[in-house]
Each structure stands twice: as C-alpha cells, then as structure tokens.
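Residue numbers (the working numbering), protein chains in the order written: chain A, 11 to 303; chain B, 506 to 777.
Backbone N, C-alpha and C fix where the C-beta goes; we use that ideal spot for every residue, glycine too.
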C-alpha cells in the first residue's frame, strides 16, 4: 500500500500543480523520483510535526493542497491541536497520510503504536477519514478526495486484503447479504471477517470511509438490529456512528477491535492479532454470541 | 508601499498620535461594552500595527483577499483588539462594529477568526500556531514566485512554545526572505520563563535580526521595510505592555480584564 501511495502521489503531483508533499523524514527514498521532478513541491520537511501541520495550513491558505506523511502517532497525536484548529476550524483542505496505525509497527513499542488515531480524528468536525483495504482502493479513494477542500486522513495499512473492491468515497460496500446479524468491518480486516463467517448467515458491510459514515447503507442492511463491528483500531471507535445511524431502533451492538489498553509487548502484528483476540476464530465466536441475543 | 491599487498612508506626527489615541479609545470602549478583552496586550503592539498598516503592508480594505496583498498574521491572537482597532481604522469594517466585540451575535471574537473578519489572515489563539502558519504562507508565496510578503507578530510568552522554534528552523532552512517575525518583547512572560537574548536565539537559527523600541515609529518603520535577501528577519521589539495607558502599563492586573463603567472615564482620560 505504501508503494501505491507513492505512485498515486507522483501522479497527483504531475496532474495538479497545487499538490505539495511534506514528508516527516520518512519515505524519502521512495519519493526520490518525485524529489527530482518537483523539487519545489516535494519537501523532506523534517521531524517537527506541529509546525509542519501549521506550515501546511499556511500553504493551503495560499491555494496549495498539502499532503503530510509520517507515522500515525506523530501525524495525529503529536499535531492534533494543529489539525483541529489550523485545518478543522479554519475549514482548510489538506491530506494527512499515516503509516503505522494500531500495531503495524509492533516491534517498535508503545511510542509507535497508534490504535487511537481514528477516534481522535473523528473528534474534529469536518475531517474525512479513509481506511483502504487494498492498494487499488487507496488509489481510487485518494483520487476522489485529495482535493475535497476538507482535511482528509488516510490510514495506510501494512496488510491488505487479497482483492480490491470498487470503493467510492463515503459509501460502504455490501459484501454479502443474509438474514443473520450484520457485521460492519473496515479496510484491512475484511478478509479475516469473510474467513470467519464462512458458512454463517450474515450480512457483511465493508467500510473504507469512516467519516463521513455511510449511515444509509447500514440502515438498509441492519436486519433485526444485531450488529457486530470488527475494527482495525480501538474497539468501539465506530459505536457512536453506528448507534446514531440506527437511532430509534432496538439494537444489540457488539464491538471488537484493539483493546483500550497499552500493548506492552513487541513482536509482529500477527502476534498482536492473536493477543488482542482478533483472529478469524475470535470473530466467529463473537458473531455466534449474537445468534443467542 | 505605494503600489497602485493599494492603500498607503502618510500623515504628520501629531495627527498620527491623535489617530492612535482614537484607536486606543475605541479599544477600551469595546472591551468595556463586552466586559472582556486583553487590552494591555493590544496596546503593547499598537504602534507596530499602526506602522504596518500605514505604508508598510500592501493592503486594500475593499479587496481583503487580493492575491497581490501582503499578509499579516497575529500569532498572539489574544491581542485581537489591537488588530480589530487598526482594521476598523483602515476601513475593513465599520468602527461601530468594534462595540460588538466578543458578543454572541458579533464576528469580532476574543481571538481573531479568518473565516469571519475581513483582513484577518489566520484564526489564532492557541499560541505557537500562527507563526509557522505564516511561514507556510511565505513558503507558498515563494513557490509561486510572488513578491508579496508575510509579517507576523508573536508574543514573548508565546516564544515558550516549541512550535515557534520549529517554525524558525523551517523558515531559515527554506530561505524565506519574504518572511518577517516581530517579537513583542514586553517581558510579560518573564514571570514564568526567562527568554534572555531572543535576538541571539533567532540568529543561531539562521535569521537576520534587529532590535528596536517597539513604540518608536521611525525604528519600527525602518525595521519593517522589505529587506530583500534570502533569510527571514526577526524584529525584537522592546515594548511596554499596556503602553499608552498609565494604569495598565506593566500592570499584570490588566492582562485580561475589561474596565467597569466607573473605571472607564479615568482610563480614557489618561490615554496618550
């Protein structure tokens, strides 16, 4: 997905002179051709995320479309207030592209884990949040939204689904329709949800846009109100959007995602999937609980 | 500047002093009506703002978004009454509107809002945001090869914020010769953190610096003239918080306070 991010960004740089890329001293080698081709609009800005976001806001005020890329905790958590005030409050358009969401950088420890990025960005009115599950989806969604005039957060993942879906910004995809509980899942978690629900009577809704949340698709496919959210970030991140979409309806909501505790071990993301109870068997067990509600 | 289409202003010194006294009066009255305001912070920078908007910054109150304008960012947004007073005097909005300051139906907030107020380039208030935002504007103008420039004012307390120094690093590295940062050095931050020789700090970050009396118009004007070159300029303006109103000068009690009705006339009477 990171490779696709570079390819897509190179294309946008070629096509749109308003695009300015600010790298937080990561991805510099990957962008080596873009540096040569657009020396004024591709900058390794350095490791100073707060000022970078403010500088990006200044560029946006001058008519440019900034794209800031760094690791999730440094884009979102360190520079949160700058995103909130300089972009959110001032209604400026800009793109924030992270890697290392949740425990993609598992071995680097807590400072580089970031399961709370999407929750935080949800707290800023007007921010668009995109979590693609496949490189082709990233390309499609970036192309649709990079110039939206809103602050847009793209969460790149180290792991992708095997196949891409024809995604549209702001729209959920109905992967499967059934009579049992409805499973809402996001980006790179789709494959494991499909595997988990093999043979189960379930509806599967696939979200790559988290904000604005596609309430209509959920309303149409909520069945009898038994909903399981399987989230690649903090568990419960989608809960407010889901309950608001189904307000006035009796629902049984179950959320599973990264537990709200510090992850103190290292290893690989696969290890944390197991430790966090996010393997297909865990998903199936949680789904089966809803069958008895 | 006297570029065609932009407003320049040249008047004699007694008239200038009368104008500034009038602006101070408007500011104190606005704060009194609102029961809110950082008057002393506004008075600290009023002479600098006056000079900026009288012959330095290219601006057109009728076309506040003219691409050819120079940009001004009040990074220390709590001094909003200062910029409102000047913008009203220049005609960006009616002077009467000052008396809607901080009201629920007004657009002149306790901190300035670029989405509401003509002439306000950036919404500031959280310290340390405006300066690097102004640097980003200067970077954008440089990429576009525009000859417009960007001036911002930061407070000395604001210089506690790391983002100011991040912005200083970036502005020097990207050779933003079109960027000027004025430090309103009224020492109000000394009670928390001594900044010492700010000029030396900016110089060590690669900036050109100059130190002035922030209430001497000739010194302010000379320092603010476009300086050319490829490095940003920091102007360390030694100022008096509350300048022009004796009871407020260097009086921490007036940092965030509005005059009550029975205080108003006495304060107005002592304005210089």
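For residue j and residue i, believed in contact at Cβ under 8 Å, the rounded distance
i, j, result
"residue 196 (chain A)", "residue 241 (chain A)", "6 Å"
"residue 267 (chain A)", "residue 116 (chain A)", "In fact, because the Cβ distance is near 16 Å, the residues do not count as touching under 8 Å."
"residue 763 (chain B)", "residue 536 (chain B)", "4 Å"
"residue 207 (chain A)", "residue 228 (chain A)", "17 Å between Cβ atoms; not a contact."
"residue 239 (chain A)", "residue 275 (chain A)", "In fact, because the Cβ distance is near 25 Å, the residues do not count as touching under 8 Å."
"residue 747 (chain B)", "residue 549 (chain B)", "7 Å"
"residue 737 (chain B)", "residue 654 (chain B)", "Between residue 654 (chain B) and residue 737 (chain B) the Cβ distance is about 10 Å, and since that is not below 8 Å, they are no contact."
"residue 101 (chain A)", "residue 68 (chain A)", "Incorrect: roughly 15 Å between the Cβ atoms, too far for contact."
"residue 118 (chain A)", "residue 90 (chain A)", "Not confirmed; about 20 Å, so no contact."
"residue 50 (chain A)", "residue 648 (chain B)", "5 Å"
Other residues of its chain near residue i: CB distance less than 7 Å, five sequence neighbours each side excluded
i, result
"residue 188 (chain A)", "211, 212, 213"
"residue 158 (chain A)", "103, 138"
"residue 510 (chain B)", "Note on residue 510 (chain B): pLDDT 49, under 50, position unreliable in the model; no value is reported."
"residue 626 (chain B)", "576, 577, 578, 619"
"residue 252 (chain A)", "194, 228, 237, 239, 263"
"residue 283 (chain A)", "289"
"residue 186 (chain A)", "212, 213, 214"
"residue 296 (chain A)", "238, 264, 266"
"residue 711 (chain B)", "677, 736"
"residue 476 (chain B)", "As displayed, chain B neither begins before 506 nor continues past 777, which places residue 476 (chain B) out of reach and without an answer."
Contacts around residue i, its chain only, beta-carbon distance under 6 Å, and the 5 residues preceding and following it disregarded
i, result
"residue 591 (chain B)", "554, 558"
"residue 632 (chain B)", "663, 666"
"residue 715 (chain B)", "728, 740"
"residue 82 (chain A)", "108, 110, 111, 124, 127"
"residue 225 (chain A)", "255"
"residue 694 (chain B)", "661, 662"
"residue 542 (chain B)", "536, 586, 763"
"residue 539 (chain B)", "606, 607"
"residue 574 (chain B)", "563, 564"
"residue 519 (chain B)", "none"
"residue 246 (chain A)", "265"
"residue 38 (chain A)", "54"
Coarse secondary structure for residue i, derived from DSSP in three states
i, result
"residue 12 (chain A)", "helix"
"residue 508 (chain B)", "Since pLDDT at residue 508 (chain B) reaches only 45, below the 50 mark, its modelled position is unreliable, and the value read off the structure follows with that caveat. Correct three-state label for residue 508 (chain B): coil."
"residue 196 (chain A)", "strand"
"residue 580 (chain B)", "coil"
"residue 79 (chain A)", "strand"
"residue 141 (chain A)", "coil"
"residue 601 (chain B)", "helix"
"residue 718 (chain B)", "strand"
"residue 769 (chain B)", "helix"
"residue 296 (chain A)", "helix"
"residue 28 (chain A)", "coil"
"residue 790 (chain B)", "Residue 790 (chain B) is absent from the structure shown; chain B starts at 506 and stops at 777."
"residue 764 (chain B)", "coil"
"residue 517 (chain B)", "coil"
"residue 18 (chain A)", "helix"
"residue 546 (chain B)", "helix"
"residue 522 (chain B)", "helix"
"residue 699 (chain B)", "coil"
"residue 38 (chain A)", "coil"
"residue 562 (chain B)", "coil"
"residue 118 (chain A)", "helix"
"residue 64 (chain A)", "helix"
"residue 617 (chain B)", "coil"
"residue 301 (chain A)", "helix"
"residue 85 (chain A)", "helix"
"residue 531 (chain B)", "helix"
"residue 2 (chain A)", "Nothing about residue 2 (chain A) can be read from this structure; chain A reaches only from 11 to 303."
"residue 758 (chain B)", "helix"
Beta-bridge pairing of residue i - partner residues as DSSP gives them
i, result
"residue 623 (chain B)", "Partner(s): none; residue 623 (chain B) has no beta bridge."
"residue 104 (chain A)", "A:161"
"residue 54 (chain A)", "A:33"
"residue 690 (chain B)", "B:743"
"residue 112 (chain A)", "A:124"
"residue 186 (chain A)", "A:214"
"residue 655 (chain B)", "B:576, B:684"
"residue 172 (chain A)", "None, per the DSSP bridge assignment."
"residue 738 (chain B)", "B:685, B:713"
"residue 776 (chain B)", "B:750"
Residues of its chain near residue i, where Cβ-Cβ distance is below 8 Å and the 5 sequence neighbours each way are ignored
i, result
"residue 249 (chain A)", "239, 263, 265"
"residue 222 (chain A)", "138, 180"
"residue 11 (chain A)", "142, 144, 145, 148, 166, 167, 168, 170"
Check: residue i C-beta below 8 Å from any heavy atom of the ligand PLP
i, result
"residue 148 (chain A)", "Of the ligands one can find in the structure shown there are none, so the ligand PLP has no counterpart to examine."
In chain order, which continuous runs of the alpha helix (DSSP H) of length 4 or greater are located wholly inside the stretch 207–291 of chain A?
225–230, 249–255, 279–285
Mind pulling the alpha helix (DSSP H) runs of 4 or more residues that sit fully within the stretch 658–688 of chain B?
667–678
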